[in-house]
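Taking it in order: structure first as structure tokens, then the write-up.
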Amino acid sequence: MGLSSLSLTLVSLLALSSYAEHNLQLIARSLAYTLEAAVVFDDRAAVQEALELISSTEEVASATVLNQQGQTMASFDATAQGLLGSGEQLIARLLLPQRVSQPILYQGQTIGELQLSGQGATLARFVLGGLFGLAASLVFSALGAAYGSRRIQRAITQPLRDLSNVAHGISIDRTFNRRVPATHIADLNELAEDFNALLDQLETWQQQLQRENASLAHQASHDALTGLPNRAFFESRLLGAMREARDSQTQMAVLFLDSNKFKEINDRLGHAAGDAVLIAIAQRLRGLLREGDLVSRLGGDEFAVLLKPIHGEEDALLIADKIIDSMHSPIELPEGGQITTSLSIGIALYPEHANNPEALVHQADVAMYHAKRNQGGRTLAQPQETLTP
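Right, dumping it as structure tokens:
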């Protein structure tokens, strides 16, 4: 656009220069005809008056009239009088002819000569206007180009930046629920849709993987039959509970439970009946415990209960009695009929009976066997100082 404006300005300038030269020649012919009588009669005042008149109405920088002998009769010089600016003088020298000569004729004979030079006021205004227009055109072109390029840059780079941010967030935070926003550029929008479709699949796979991992973790830490936490889960929770009790200087208890005559039930009524007994025990234990307590199946017909916190052995004995009482209700068997069972419970307290997880479980186990020898019920472990090595 700027190049076009410059070319148009140069062409117009050349055309105007040619027009100014032609106009100066017309002025010279007209003025020579006007001066004919004054030159014939050697009326220098009339010649001077005519020159000043034409100089005031036309764009003439200087005018000189010579007689037949080449002597100057009259002259006018706007430059010498300070009527022309330096810019106008420069433009006149560059674009206008230095001087136009026109013979003054009388009856076909040359009686004098008129010499004119033009001024560059009109050309100066045109050049300044052209330069201003060119500069304005360049400025507007630059602003338009900058605005257009910025819009194009935003239109192209913003979708790519959005895609990059989403990809970065997924790689760092695993936020597969994020999506790339739509864009007006067809190719980039198609890329965003393909990327979002890939994210849909990844999110589905991640959710499925999380469900499978959660299921595997649950299976690894829980008993398949009763749904209770298993021995490994119980031992890890027991270790953490003992640390908390030590730090807070509170008490906790472990109850070791064993189903009485469970082998007899299994042998006489079958494994389905034995499973029903274990499931019923698990459900009743779960229903009796407080929030924060834990019941686990250690294996076979053995269960363990973690009570935390407690205020003393009375709390543990009270819960053990409730567990024993809950076993009085008959258990429905899958093939019909009912059966009742009972539990032997050993109770060990921290820190009275042991100061580490293995010893605490062992003390509860020993107390449980004491209870079993006494035909069931519950037995409290002995304090550490009375234990035999």
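Taking mature numbering (1 follows the signal peptide of the UniProt record, and there is no 0), I'd label the letters of the sequence shown as residues -20 to -1, 1 to 369.
Cβ coordinates follow ideal geometry from the N, Cα and C atoms, glycine included.
Reduced DSSP category for residue i - H, G, I as helix; E, B as strand; rest coil
| i | result |
| --- | --- |
| residue 277 | strand |
| residue 40 | strand |
| residue 93 | strand |
| residue 3 | helix |
| residue 246 | helix |
| residue 332 | coil |
| residue 282 | strand |
| residue 134 | helix |
| residue 27 | helix |
| residue 382 | Shown here, the chain extends from -20 to 369; a query on residue 382 therefore has no answer. |
| residue 165 | coil |
| residue 99 | coil |
| residue 57 | strand |
| residue 14 | helix |
| residue 47 | strand |
| residue 271 | coil |
| residue 358 | strand |
| residue 85 | strand |
Per-residue burial, residue i [other beta carbons within 10 Å of its own, 16 or more giving buried]
| i | result |
| --- | --- |
| residue 132 | exposed |
| residue 134 | exposed |
| residue 226 | exposed |
| residue 273 | buried |
| residue 152 | exposed |
| residue 363 | exposed |
| residue 333 | buried |
| residue 109 | exposed |
| residue 337 | buried |
| residue 10 | exposed |
| residue 129 | exposed |
| residue 98 | buried |
| residue 270 | exposed |
| residue 219 | exposed |
| residue 254 | buried |
| residue 288 | buried |
| residue 330 | buried |
Beta-carbon separation (whole angstroms), residue i vs residue j, contact threshold 8 Å
| i | j | result |
| --- | --- | --- |
| residue 33 | residue 45 | Wrong, their Cβ atoms sit about 13 Å apart, outside the cutoff. |
| residue 26 | residue 18 | 4 Å |
| residue 231 | residue 291 | 7 Å |
| residue 86 | residue 20 | 5 Å |
| residue 359 | residue 239 | Not quite, the Cβ-Cβ distance comes to about 16 Å (not below 8 Å), so this is no contact. |
Discussion item. Measuring CB atoms only, is the segment 307 to 327 touching the segment 208 to 228, in the sense that at least three cross pairs come out at less than 8 Å?
Written reply: no
Worksheet item: Are the segment 279 to 289 and the segment 224 to 244 in contact at 8 Å, needing three or more beta carbon pairs?
Response: yes
Fill in: beta strand (DSSP E) runs contained entirely in the segment 188 to 267, provided each spans 3 or more residues
231 to 239
Discussion item. So, does the segment 171 to 179 touch the segment 134 to 144, judging by three or more C-beta pairs under 8 Å?
Written reply: Here the segment 171 to 179 lies against the segment 134 to 144, with 3 or more beta-carbon pairs under 8 Å apart.
Discussion item. Within 8 Å, do at least three Cβ pairs link the segment 349 to 356 to the segment 321 to 330?
Written reply: With the cut-off at 8 Å, the segment 321 to 330 and the segment 349 to 356 touch.
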